[in-house]
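Below is one structure, written out as structure tokens; the observations come after it.
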Amino acid sequence: MHPRNAPRERGLFSHRALINGLRLLWVLVVLWCEVGAFFYALADCKWPDAPLIQHGTAAPTHVLLISDPQVAPRPLLPPSPRALREALIRADMRKAWRLTQRLAPAAVVCLGDMLASGRTAKSDEEYAAMVAAARGVLELDGRVPMYYVPGNNDVGLGRSPTISTATRTRFVRHFGPLNQVLRLAGHDLVLLDAPGLVEEDYARHAAGATPFAQYTGAPGGPVEFIKTLPASAAPRILLTHIPLAHPEAGACGPRREKGTLRRGVGKGWQNTLDKATTEFLLRGVRPAGVFSGDDRDYCEHTHAGAGGNGTREVTVKSFSRAANIRRPGFQLLSLVPPAGGAGRTFADAPCSLPDRYRLLHTLYLPLSILTLLALGVAHLSRRRAPPLRLAPFAPPPPLSASPDGGSTPWGPLSPFTPRPPAMSVRIPSVRSATASTSASGTDTPLLTPDDREDAPWAGDESQFFPPQYALRRSGEQHLRPAHWPTGEHADDDEDAVGFYFEKGPAHSRANSVGTAYFAPPPPPGDAAARTEAWAWSCAFVLRGRVRRITLRAPTLESLLNVREALGWAPTRGAGGVARGMLGDALRVLAPAVAAWWVVVSLVI
């Protein structure tokens, strides 16, 4: 195969190798971001049993605390950016949920806002569809009980035309009691209806700010529930959706991503309970610990208590992605039955899920830029023509046998020459047998004498002056001295060199084969003459032969040929490069998108 026709790209640096390498890299990145990052983030997530294990104590009971899943139902409308975002959030939650089940909790408690918009459901069927969607994401096998604390998105807060009056009834039907006490591992877990407590607090202020000690509250409401808690020696842990009152400038600890927990209230929401309600809860429940949600970011605060004993409250991170946090999370709670001593009976530890924004900025985005750069460089390099490769020099063929038994010297029109000589090579037509013995030597290849008997007189040199040379001659006669340049004579030594310059068009040569090797000059007005009018010629006599040098102005075609020889010639335009890059990008991303779709389809 000719070197120019050989494949240009092979091995590790070929275009196909680049595409396959990028494909593999993208698939690995997708698998890491969608699966591996979750396993890595939860590799150090362990139950906090070490502070509780003592000699002779029972094995700890493990409770998983999650907050604010806010699962949205699948939209029935055509796909939209919001629907895609919710689908991705739902997929991340389900992956995280499946990993949390590997921790084998004994019970799960959701600290409110199980639904994204349960309070706006117009009918029981719509509310049931929301519940089914939430349980489809946070599904259990039935062996692990799950308990629910009502949140403002589940049952609403305050009165509004957009909030159904039947939301509490629906919540009880699907999730259980609004207020309840769970007994686990010798502890009482008090699950409180915090939105209902806020509404009763509004009613209390409307009634003249009656103190909680004199305020009876609504029948079956949170105030009545707190006041009727039975006396118990078991440690109590308060679980509420809305956090207790915090100092405005109070710190939340190093695990919080930004800001602090601030007071605030609005239509259908309230950031914290007020100070009076917080004191009422701490006196009525006397919790050993408090776990809350709603804020979606982590916060740890200790409330002052009587006798210098404070009550530690942990606001659990949201289990789903939110605008104000980058890493969702959950809380692990370990319980051991109280022993006779005064040792600790419970311990907790936070766990964080992968940072989706960090994965996007450190892996997906840089890899996208790297892919575009790699494909762009590859296509720009392919856009240039390959460098000119010439075949190795081959020696001339050996002398061939002539029909008369002799040997024929090789010439451009030898019977064994594959094609006529290149027109750029100037070869005088020599039919004389004496031409091979002329003083000029054999630097110019000799033509094959096809008829030696008809050779002209050896002294006749008229054949050395082809027609396209602008020298006047007549018939078969010798050059007259008048036609030589001034100072030169025909009988001078052949080594003398004479020059003369001539302005005029440089005539093209025809690709003729046979007796005529130089085409006659084109007639005046010919197109070829007009196109080649810009030329400079120099004719001279060297060793008895007339020579001519012609310098023409470069044409566009010749310049393009030079660009091709240097490897600068574009093979396709910018549009072709863009289309090629787009096609390669689709080929690179197709396996990664397929892998991502398989992962998402398995968990949605």
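Residue numbers for the sequence shown follow this note's numbering, beginning at 623 and rising by one.
Just so it is clear, CB atoms sit at the ideal spot from N, CA and C, and this is done for glycine as well.
For clarity, every value in this text was computed on a predicted model and none was experimentally measured.
Span of the alpha helix (DSSP H) around residue i
| i | result |
| --- | --- |
| Arg704 | 703 to 723 |
| Arg757 | 746 to 759 |
| Glu656 | Here Glu656 belongs to no alpha helix (DSSP H), and DSSP marks it neither H nor E. |
| His983 | Per DSSP, His983 belongs to no alpha helix (DSSP H) and is neither H nor E. |
| Thr598 | Residue numbering for the chain in the displayed model covers 623 to 1226; residue 598 lies beyond these limits and cannot be assessed. |
| Glu901 | 897 to 907 |
| Glu870 | Note, Glu870: premise wrong, no alpha helix (DSSP H); not H, not E. |
| Ile848 | 844 to 849 |
| Val777 | 774 to 777 |
Nearest-angstrom beta carbon gap, residue j and residue i [assumed within contact, 8 Å]
| i | j | result |
| --- | --- | --- |
| Ala729 | Pro670 | Actually they are not in contact, since the Cβ atoms of Ala729 and Pro670 sit about 16 Å apart, beyond 8 Å. |
| Asp714 | Arg978 | 7 Å |
| Leu779 | Val812 | Incorrect: roughly 20 Å between the Cβ atoms, too far for contact. |
| Ala751 | Pro695 | 6 Å |
| Gly951 | Gln676 | In fact, because the Cβ distance is near 29 Å, the residues do not count as touching under 8 Å. |
| Ala755 | Met736 | About 10 Å; that fails the 8 Å criterion. |
| Gly890 | Ile785 | 7 Å |
Short Cβ contact (8 Å threshold) for residue i with residue j
| i | j | result |
| --- | --- | --- |
| Val820 | Ile864 | yes |
| Val649 | Ala1175 | no |
| Leu721 | Ser689 | no |
| Asp823 | Thr899 | yes |
| Ser956 | Leu674 | yes |
| Pro772 | Asp815 | yes |
| Ala738 | Gln692 | yes |
| Ala1207 | Thr882 | no |
| Phe661 | His809 | no |
| Pro727 | Arg877 | no |
| Gly843 | Gly818 | yes |
| Leu687 | Val759 | no |
Simplified DSSP state of residue i, which is helix, strand or coil
| i | result |
| --- | --- |
| Ile864 | coil |
| Ala971 | strand |
| Ala728 | coil |
| Tyr837 | coil |
| Trp669 | coil |
| Asp1115 | Model confidence at Asp1115 stands at a pLDDT of 46, short of 50, so the residue's coordinates are unreliable; what they give is reported in the following sentence. In this structure, Asp1115 counts as coil in the three-state DSSP scheme. |
| Val936 | strand |
| Ile785 | coil |
| Arg949 | coil |
| Pro882 | It is worth fixing the name first, because residue 882 is Thr in this sequence and not Pro. Three-state DSSP puts Thr882 in coil, outside helix and strand. |
| Val693 | strand |
| Thr679 | coil |
| His887 | Going by the sequence as given, residue 887 is Val instead of His. Val887 falls in the strand class under three-state DSSP. |
| Arg858 | strand |
| Ala944 | strand |
| Leu954 | strand |
| Leu737 | strand |
Endpoints, beta strand (DSSP E) assigned at residue i
| i | result |
| --- | --- |
| Val1163 | 1157 to 1164 |
| His684 | 683 to 688 |
| Tyr770 | 768 to 770 |
| Thr1172 | 1167 to 1174 |
| Gly818 | Here Gly818 belongs to no beta strand (DSSP E); instead the alpha helix (DSSP H) covers 816 to 828. |
| Asp977 | Run containing Asp977: none; DSSP gives neither H nor E here. |
| Asp810 | 809 to 813 |
| Val912 | 911 to 914 |
| Arg805 | 802 to 806 |
| Thr924 | 921 to 925 |
Per-residue burial, residue i [other beta carbons within 10 Å of its own, 16 or more giving buried]
| i | result |
| --- | --- |
| His796 | buried |
| Gly932 | exposed |
| Asp776 | buried |
| Cys1160 | exposed |
| Ser940 | buried |
| Ala1200 | exposed |
| Asp763 | exposed |
| Pro1071 | Because Pro1071 sits at a pLDDT of 46, beneath the cut-off of 50, its placement in the model cannot be relied upon, and the point is left open. |
| Ala718 | buried |
| Gly702 | The sequence shown places Ser at residue 702, not Gly. Classification for Ser702: exposed. |
| Arg805 | exposed |
| Asn946 | exposed |
| Gln953 | buried |
| Thr984 | exposed |
| Gln836 | exposed |
| Val652 | buried |
Proximity test, residue i beta-carbon vs the ligand NAP heavy atom, cut-off 7 Å
| i | result |
| --- | --- |
| Trp669 | Judged by which ligands are present, the structure shown has none, so any question about the ligand NAP falls away. |
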